[in-house]
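Asker: Quick note, the sequences are listed as chains A and B, same order.
With my numbering, the residue at position 248 of the first sequence is 333, and numbering never jumps.
With my numbering, the residue at position 107 of the second sequence is 286, and numbering never jumps.
Could you have a look at this structure, given as structure tokens, before my questions?
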Amino acid sequence: MIKRLVVLAVIACIPILVFAQTAPGKTNMFGWVVPEKTLEINFYQADRGDQAQHDRDTQQIRDFMLKEFNVKLVKNVSDVDTTEKLNLMLASGNYPKIIMAMSADTVSQWAAQGHLYNMAPDVEKTYKGIKSTLGYLYGMYLTDKKELFGLPRGWGLLPIPDQSAHIRWDWYQEMGSPKIATPDDYYNVIKKMVAAHPKNANGEKVYGISWSTDQVKVADLMAIWGLKDGYKEDAQNNLSHWVNTPEGLQAVLWLNKFYREGLMDPEAFVNKYDNWKAKFSAERIVGHIGGWWQSWNAGHEIWSKSPGWTDDKRYVQISIKDPAAKVAYFTPKNTLGWNYTVITNKATAQDRADYMRFFEWAISPMAVRIFGWGVPNLTDASDGKASFWTTDGKNWEFNDQMKKIIMAGAYDQVPNWNLRGTGEFFITQGQALTKDAKPSTVWADQNFNSDPAPEAKWRVLMNKNLEGTEFDFTAFEAIKFLPENVLTTKRQQIKDAEYTGFVKAVQSNTVAEATANFNALKATLNKLGLADLEKFQNVEYKKNLAKMKL
Amino acid sequence: MVKRLLRRFWVERQIWILVIPMLIWVFTFSYLPIYGLIIAFQNFIPGNSYLAGPWVGLDNFVRFFDIPEFGNIMRNTIAMSLLTMAFSLPGPIILALMFSELRGRRIKKFTQTVSYIPYFISWVVVTNILFTFLRTEGVFNELLQSLGLTNKPILFLGEGKFYWIMIALANLWKDVGFNTIIYLSAIAAVDSELYEAGRIDGLGRFGLVWHITLPGIRTTIVLLWILGLGGILNAGFEQHLLLGNPMTREYYEVIDTYVYRYGVQLGNYSFGAAVGLMKSVLGVALVVLVNRLSRKILDTSIF
Numbered sequence: 086m087i088k089r090l091v092v093l094a095v096i097a098c099i100p101i102l103v104f105a106q107t108a109p110g111k112t113n114m115f116g117w118v119v120p121e122k123t124l125e126i127n128f129y130q131a132d133r134g135d136q137a138q139h140d141r142d143t144q145q146i147r148d149f150m151l152k153e154f155n156v157k158l159v160k161n162v163s164d165v166d167t168t169e170k171l172n173l174m175l176a177s178g179n180y181p182k183i184i185m186a187m188s189a190d191t192v193s194q195w196a197a198q199g200h201l202y203n204m205a206p207d208v209e210k211t212y213k214g215i216k217s218t219l220g221y222l223y224g225m226y227l228t229d230k231k232e233l234f235g236l237p238r239g240w241g242l243l244p245i246p247d248q249s250a251h252i253r254w255d256w257y258q259e260m261g262s263p264k265i266a267t268p269d270d271y272y273n274v275i276k277k278m279v280a281a282h283p284k285n286a287n288g289e290k291v292y293g294i295s296w297s298t299d300q301v302k303v304a305d306l307m308a309i310w311g312l313k314d315g316y317k318e319d320a321q322n323n324l325s326h327w328v329n330t331p332e333g334l335q336a337v338l339w340l341n342k343f344y345r346e347g348l349m350d351p352e353a354f355v356n357k358y359d360n361w362k363a364k365f366s367a368e369r370i371v372g373h374i375g376g377w378w379q380s381w382n383a384g385h386e387i388w389s390k391s392p393g394w395t396d397d398k399r400y401v402q403i404s405i406k407d408p409a410a411k412v413a414y415f416t417p418k419n420t421l422g423w424n425y426t427v428i429t430n431k432a433t434a435q436d437r438a439d440y441m442r443f444f445e446w447a448i449s450p451m452a453v454r455i456f457g458w459g460v461p462n463l464t465d466a467s468d469g470k471a472s473f474w475t476t477d478g479k480n481w482e483f484n485d486q487m488k489k490i491i492m493a494g495a496y497d498q499v500p501n502w503n504l505r506g507t508g509e510f511f512i513t514q515g516q517a518l519t520k521d522a523k524p525s526t527v528w529a530d531q532n533f534n535s536d537p538a539p540e541a542k543w544r545v546l547m548n549k550n551l552e553g554t555e556f557d558f559t560a561f562e563a564i565k566f567l568p569e570n571v572l573t574t575k576r577q578q579i580k581d582a583e584y585t586g587f588v589k590a591v592q593s594n595t596v597a598e599a600t601a602n603f604n605a606l607k608a609t610l611n612k613l614g615l616a617d618l619e620k621f622q623n624v625e626y627k628k629n630l631a632k633m634k635l
Numbered sequence: 180m181v182k183r184l185l186r187r188f189w190v191e192r193q194i195w196i197l198v199i200p201m202l203i204w205v206f207t208f209s210y211l212p213i214y215g216l217i218i219a220f221q222n223f224i225p226g227n228s229y230l231a232g233p234w235v236g237l238d239n240f241v242r243f244f245d246i247p248e249f250g251n252i253m254r255n256t257i258a259m260s261l262l263t264m265a266f267s268l269p270g271p272i273i274l275a276l277m278f279s280e281l282r283g284r285r286i287k288k289f290t291q292t293v294s295y296i297p298y299f300i301s302w303v304v305v306t307n308i309l310f311t312f313l314r315t316e317g318v319f320n321e322l323l324q325s326l327g328l329t330n331k332p333i334l335f336l337g338e339g340k341f342y343w344i345m346i347a348l349a350n351l352w353k354d355v356g357f358n359t360i361i362y363l364s365a366i367a368a369v370d371s372e373l374y375e376a377g378r379i380d381g382l383g384r385f386g387l388v389w390h391i392t393l394p395g396i397r398t399t400i401v402l403l404w405i406l407g408l409g410g411i412l413n414a415g416f417e418q419h420l421l422l423g424n425p426m427t428r429e430y431y432e433v434i435d436t437y438v439y440r441y442g443v444q445l446g447n448y449s450f451g452a453a454v455g456l457m458k459s460v461l462g463v464a465l466v467v468l469v470n471r472l473s474r475k476i477l478d479t480s481i482f
């Protein structure tokens with residue numbers, strides 16, 4: 086009853102909210118003091134992107150921010166390698182006042198040369214909302230000299246799984262849903278499933294498993310044997326690379342079985358994403374190991390557009406674990422966030438004060454919703470432009486119609502889905518639940534993981550299946566590799582050789598050959614300096630663990 | 180002296196007006212940046228000034244020879260360059276000779292224009308075409324199977340042994356037409372009276388090509404060969420990044436891809452500059468050496 090009243094109250098206010106514009110100098114309904122002069126937040130975002138597409142998708146939210154906040158958001162992206170772009174900016178001295186999505190390593194590099202503004206005094210004296218919202222994580226962002234050169238993006242623990250094994254659900258049901266708990270169970274089910282469906286409707290061969298080159302993550306496979314992001318951790322928090330563990334060999338031999346039995350797509354390590362997606366959506370791949378969104382995007386999100394599609398024709402994410410492993414550590418989480426927003430030394434004192442005020446507001450719960458879910462209170466559903474949510478600035482509700490679509494993951498069925506600007510401006514927002522009366526997370530679709538509505542059942546099932554497979558691995562993910570560190574190059578050499586050797590071992594014709602190739606890979610990586618890398622990582626990992634306990 | 184120079188400049192003023200912008204362009208973009216090579220001898224950190232990095236002498240050069248993949252990288256670079264040269268040197272000559280032998284003006288123009296088109300297609304498109312063509316379920320595998328040459332599909336894109344030849348053929352397809360231009364102009368410059376004399380002496384079409392056309396364009400052939408050898412350490416770049424994959428990495432990694440990934444992407448600009456300088460010095464040395472040999476053996480040289 087109370088909920089209904091709140092909804093009615095919010096809806097009743099919408100016309101007023103839509104047409105009202107807060108006067109400069111006054112505080113608007115979102116707690117922002119509207120500046121007299123338009124505040125321009127003009128920044129380069131260090132993510133690869135298409136500027137034209139971005140401009141189209143952000144039009145609504147940019148208009149909204151200008152009208153309601155008198156803030157002009159200008160996001161510049163480019164379709165070139167971002168590390169290269171940032172290095173060239175640095176070398177030429179031609180860079181903007183604000184840069185977003187800068188990696189921790191790059192922040193350290195730029196800060197060491199005096200190109201970044203130390204935000205710590207401001208955050209600790211004036212913009213305390215940032216410090217209090219970040220909570221215990223705040224200390225992790227400080228340098229040894231207690232300086233703060235970047236505000237995190239995507240910080241905090243979002244306790245939802247990302248990676249897992251996947252199974253074609255309707256065919257699995259058809260088999261009588263045999264128990265899948267171990268890698269061998271999974272292999273047997275996949276094998277039987279391919280035997281039952283050897284060809285698709287077009288007469289093309291069906292495979293058990295495949296990837297595109299950008300999807301292959303050795304760590305996802307190693308998780309099944311209890312390794313954390315490709316490393317085995319002992320009681321003293323020492324981490325050993327998978328090639329130096331018996332589990333590594335077991336995992337390679339398990340995947341090699343798929344290859345030897347003809348269950349692996351021969352182009353599994355050659356496919357470009359579009360080729361893989363075409364095979365996947367043509368019902369030629371029955372299993373998968375990787376991110377949940379991969380089989381959603383290439384599976385039911387495509388099939389659901391065809392007439393006659395049934396709800397259970399999809400992939401469901403499941404956890405598999407070697408019996409000897411304690412947990413399948415599929416999803417390592419970095420609570421520090423993905424990367425950082427920085428203010429460069431090109432900004433004037435006035436710029437810095439303006440930016441910091443905006444950043445403090447951007448970390449507030451309502452800002453998290455605005456930038457995460459897009460423009461609120463739009464009611465025109467005719468061309469799919471209706472908002473996901475409505476708000477009066479204090480209370481908020483999801484739009485029921487949109488909620489159903491989000492829960493069902495049926496985004497593709499809505500025209501102009503991207504126009505609300507969802508997730509386009511990640512400034513200082515985190516992923517953790519907001520700290521207000523009605524907490525939510527920045528990802529609109531992750532707010533219904535235990536919702537009893539029938540549309541949410543697949544998400545609920547996924548989260549139930551994968552419970553406990555995500556884990557906080559911040560201490561490891563936060564290890565920095567700076568250009569001047571000789572291990573940075575060694576690490577890349579090891580990564581390159583690891584990938585090639587892994588593929589060679591998996592695509593061996595006999596068990597003996599696979600074992601020999603695994604041993605050869607182990608010897609190669611150790612010769613390249615894996616022991617030095619492990620040693621460095623262990624020292625840094627333990628340091629970070631200690632820091633996090635403070 | 181100055182007066183004489185000024186008078187000469189005034190006499191040749193029309194030519195100088197045409198040349199000066201080009202000279203400025205060459206000076207600005209080809210000579211001015213040379214001072215940046217200093218970073219090859221330093222530990223340069225992007226953002227610092229060119230003289231701020233500590234002097235490390237030849238360390239960055241030595242580092243390249245010390246990398247574990249050095250042997251593989253040099254092998255791939257030289258092998259792919261030589262293979263490409265093996266196809267791309269005679270290819271345009273043969274095609275240019277064929278064009279020059281065509282009688283109809285329209286068909287000649289049409290075929291020439293069609294042959295230039297691949298040159299203007301980006302590697303992104305070319306690698307997609309190759310990918311579609313050479314997949315296990317692609318046209319080429321289907322053709323091989325229907326002709327009974329193989330009973331199961333071959334993973335051309337995933338086996339290193341096919342990679343070099345695949346790239347050499349792709350380079351040939353892409354550049355062969357465009358590279359005929361210079362040979363066609365050389366052929367056009369051959370004195371037509373020589374052909375008439377040849378015909379009177381009883382030479383057939385092949386005889387004319389062998390005894391008149393080819394000797395007539397020998398200087399051009401030698402010139403392009405010498406210049407081509409100077410670029411032996413340039414074995415391509417984007418085609419490898421686009422077409423290569425983990426299965427072929429041991430065969431596709433060349434100097435330029437390695438320098439890009441380990442130099443530019445990891446922020447080691449000094450290392451990248453050192454390898455680039457080394458490539459250029461070796462290239463010039465090769466050009467000088469081959470030019471000398473050519474002068475001695477073939478009595479033809481470019482300088």
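Note that beta-carbon positions come from the ideal geometry of N, C-alpha and C, so glycine has one too.
All values reported here derive from a predicted model rather than from experimental measurement.
Does I333(B) come out as helix, strand or coil in the three-state DSSP assignment?
Answerer: One-based indexing of the second sequence puts residue 333(B) at position 154. Note: I333(B) maps to coil in three-state DSSP.
Asker: Interface residues of chain A around Y441(B) at Cβ under 7 Å?
Answerer: Locating residue 441(B) in the second sequence gives position 262, counting from the first residue. Correct list: T574, Q577.
Asker: Quick one, which of L393(B), S279(B), F249(B), H419(B) has its alpha-carbon nearest I344(B)'s?
Answerer: Counted from its first residue, the second sequence places residue 344(B) at position 165. Taking only the C-alpha atoms, the option nearest I344(B) is H419(B).
Asker: Can you tell which of Y210(B), W189(B), W204(B), D478(B) has its C-alpha closest to the C-alpha of L484(B)?
Answerer: One cannot answer for residue 484(B) here, as it falls past the ends of chain B, which runs 180 to 482.
Asker: Identify, in the order they occur along the chain, each residue of the same chain with its Cβ nearer than 7 Å to the Cβ of W234(B), setting aside the five sequence neighbours on each side.
Answerer: Start at 1 with the first residue of the second sequence, and residue 234(B) comes out as number 55. Cβ within range, chain order: F220, Q221.
Asker: Using a beta-carbon distance below 9 Å, is N424(A) in contact with chain B?
Answerer: Residue 424(A) sits at position 339 when you count from the first residue of the first sequence. No, because no Cβ of chain B sits closer than 9 Å to the Cβ of N424(A).
Asker: On the premise that G494(A) lies in contact with W381(A), defined as a C-beta separation below 8 Å, what is that separation, rounded to the nearest angstrom?
Answerer: Taking the first sequence and counting its residues from 1, one reaches residue 381(A) at position 296. Taking the first sequence and counting its residues from 1, one reaches residue 494(A) at position 409. Between G494(A) and W381(A) the Cβ distance is about 6 Å, and since that is below 8 Å, they are a contact.
Asker: Would you mind listing the beta strand (DSSP E) stretches within the segment 357 to 444 of chain B that are 3+ residues and don't spill past its ends, in chain order?
Answerer: none
Asker: Listing by chain order, which chain B residues have their CB less than 7 Å from the CB of L613(A)?
Answerer: Counted from its first residue, the first sequence places residue 613(A) at position 528. Chain B residues near L613(A): P247.
Asker: Could one say the Cβ of F343(A) lies closer than 9 Å to chain B's Cβ atoms, at least one of them?
Answerer: Taking the first sequence and counting its residues from 1, one reaches residue 343(A) at position 258. So no, F343(A) is outside the interface.
Asker: Considering E316(B), what are the terminal residues of the alpha helix (DSSP H) in which it resides?
Answerer: Numbered from 1 along the second sequence, position 137 holds the residue referred to as residue 316(B). It is not in any alpha helix (DSSP H) - E316(B) carries neither H nor E in the DSSP assignment.
Asker: Assuming the contact rule is C-beta atoms closer than 8 Å, N503(A) and D142(A) should be a hit. Round their C-beta distance to whole Å, please.
Answerer: Within the first sequence, residue 503(A) is the residue found at index 418, counting from 1. Within the first sequence, residue 142(A) is the residue found at index 57, counting from 1. About 4 Å; that satisfies the 8 Å criterion.
Asker: Between which two residues does the beta strand (DSSP E) containing F556(A) stretch?
Answerer: Mapped onto the first sequence, residue 556(A) falls at position 471. F556(A) -> beta strand (DSSP E) spans 555 to 557.
Asker: Identify whether V371(A) lies in helix, strand or coil by the three-state DSSP scheme.
Answerer: In the first sequence, counting from the first residue as 1, residue 371(A) sits at position 286. Of the three classes helix, strand and coil, the one that applies to V371(A) here is coil, per DSSP.
Asker: C98(A) by DSSP, collapsed to three states: which one?
Answerer: By 1-based counting over the first sequence, the position of residue 98(A) is 13. Unreliable positioning characterises C98(A) in this predicted model, as indicated by a pLDDT of 48, which lies under 50. The coordinate reading is nonetheless provided below. Residue state, collapsed to three classes: helix.
Asker: Pull up the CB-CB distance for M349(A) and S295(A), whole angstroms please, since I reckon it's below 8 Å.
Answerer: Locating residue 349(A) in the first sequence gives position 264, counting from the first residue. Locating residue 295(A) in the first sequence gives position 210, counting from the first residue. Confirmed, about 7 Å.
Asker: By the criterion of Cβ-Cβ separation under 8 Å, what are the contact partners of A176(A) in chain B?
Answerer: Here residue 176(A) refers to the residue found at position 91 of the first sequence. Chain B residues near A176(A): P225, G226, Y448.
Asker: Can you list, in chain order, the residues of the segment 491 to 520 of chain A whose Cβ is nearer than 9 Å to any Cβ on chain B?
Answerer: none
Asker: Decide yes or no for the touch test of the segment 552 to 561 of chain A against the segment 520 to 535 of chain A: beta carbon pairs closer than 8 Å, at least 3 of them.
Answerer: No, they do not touch.
Asker: Would you mind working out which of P247(B), F223(B), I246(B), N227(B) sits nearest G236(B), comparing C-alpha positions?
Answerer: What you label residue 236(B) is simply residue 57 of the second sequence in a count that begins at 1. Nearest of P247(B), F223(B), I246(B), N227(B) to G236(B), Cα basis: F223(B).
Asker: Could you compute how far the alpha carbon of K470(A) sits from the alpha carbon of Y129(A)?
Answerer: By 1-based counting over the first sequence, the position of residue 470(A) is 385. By 1-based counting over the first sequence, the position of residue 129(A) is 44. K470(A) and Y129(A): Cα-Cα distance of roughly 27 Å.
Asker: Run through DSSP, which three-state label would R399(A) get?
Answerer: In the first sequence, residue 399(A) corresponds to position 314, counting from 1. Coil at R399(A), not helix or strand.
Asker: Within the continuous alpha helix (DSSP H) that includes H139(A), where are the two ends?
Answerer: Within the first sequence, residue 139(A) is the residue found at index 54, counting from 1. Looking at the DSSP string, the run of the alpha helix (DSSP H) that includes H139(A) is 136 to 154.
Asker: Given that F310(B) touches chain A, what residues does it touch there, using C-beta distances under 8 Å?
Answerer: The residue labelled residue 310(B) in the question sits at position 131 within the second sequence. Neighbours of F310(B) on chain A, chain order: K357, N360.
Asker: Using a Cβ-Cβ cut-off of 7 Å (strictly less than) and excluding sequence neighbours within five positions of F357(B), which residues of its own chain qualify?
Answerer: Here residue 357(B) refers to the residue found at position 178 of the second sequence. Cβ neighbours of F357(B) within its own chain (closer than 7 Å, five residues either side excluded): Y295, Y298.
Asker: Just the Cα atoms here: how many angstroms apart are V453(A) and Y414(A)?
Answerer: Here residue 453(A) corresponds to residue number 368 of the first sequence, with the count starting at 1. Here residue 414(A) corresponds to residue number 329 of the first sequence, with the count starting at 1. In a straight line, the C-alpha of V453(A) is about 29 Å away from that of Y414(A).
Asker: N602(A) and K589(A): beta carbons closer than 9 Å?
Answerer: Sequence index remark: in the first sequence, residue 602(A) carries index 517 (1-based). Sequence index remark: in the first sequence, residue 589(A) carries index 504 (1-based). It is a contact, given that the beta carbons lie within the stated cut-off.
Asker: According to DSSP, is V499(A) helix, strand or coil?
Answerer: Locating residue 499(A) in the first sequence gives position 414, counting from the first residue. In this structure, V499(A) counts as coil in the three-state DSSP scheme.
Asker: Give a yes or no on whether 9 Å exceeds the smallest Cβ distance from W327(A) to chain B.
Answerer: Against the first sequence, residue 327(A) aligns to sequence position 242. No, its Cβ sits nowhere closer than 9 Å to a Cβ of chain B.
Asker: Under 8 Å, with one C-beta from each stretch per pair, do the segment 572 to 590 of chain A and the segment 599 to 614 of chain A reach the 3-pair mark?
Answerer: yes
Asker: Since Q248(A) is in the alpha helix (DSSP H), which residue starts that stretch and which ends it?
Answerer: Locating residue 248(A) in the first sequence gives position 163, counting from the first residue. That residue, Q248(A), is in no alpha helix (DSSP H); its beta strand (DSSP E) goes 248 to 253.
Asker: For W195(A) and chain B, any beta-carbon pair shorter than 9 Å?
Answerer: Mapped onto the first sequence, residue 195(A) falls at position 110. For W195(A), the answer is yes, since a Cβ of chain B falls inside 9 Å of its Cβ.
Asker: Assuming G241(A) and S449(A) are in contact, meaning their beta carbons sit under 8 Å apart, how far apart are those beta carbons, in whole angstroms?
Answerer: As a working mapping, residue 241(A) is identified with position 156 in the first sequence. As a working mapping, residue 449(A) is identified with position 364 in the first sequence. So it is not a contact: roughly 14 Å between Cβ atoms.
Asker: So what does Y129(A) bridge to, in DSSP terms?
Answerer: Taking the first residue of the first sequence as 1, we reach residue 129(A) at position 44. BP columns for Y129(A) point to N161(A), I184(A).
Asker: So, at 6 Å on beta carbons, what are the nonlocal neighbours of A447(A) in its own chain, with the 5 sequence-adjacent residues on each side left out?
Answerer: For the purposes of this step, residue 447(A) is taken as the residue at position 362 of the first sequence. Closer than 6 Å at the Cβ level, and outside the excluded window around A447(A), lie I512, T513.
Asker: Using a beta-carbon distance below 9 Å, is P425(B) in contact with chain A?
Answerer: The residue you call residue 425(B) lines up with position 246 of the second sequence. Answer yes: the Cβ-Cβ gap between P425(B) and chain A drops below 9 Å somewhere.
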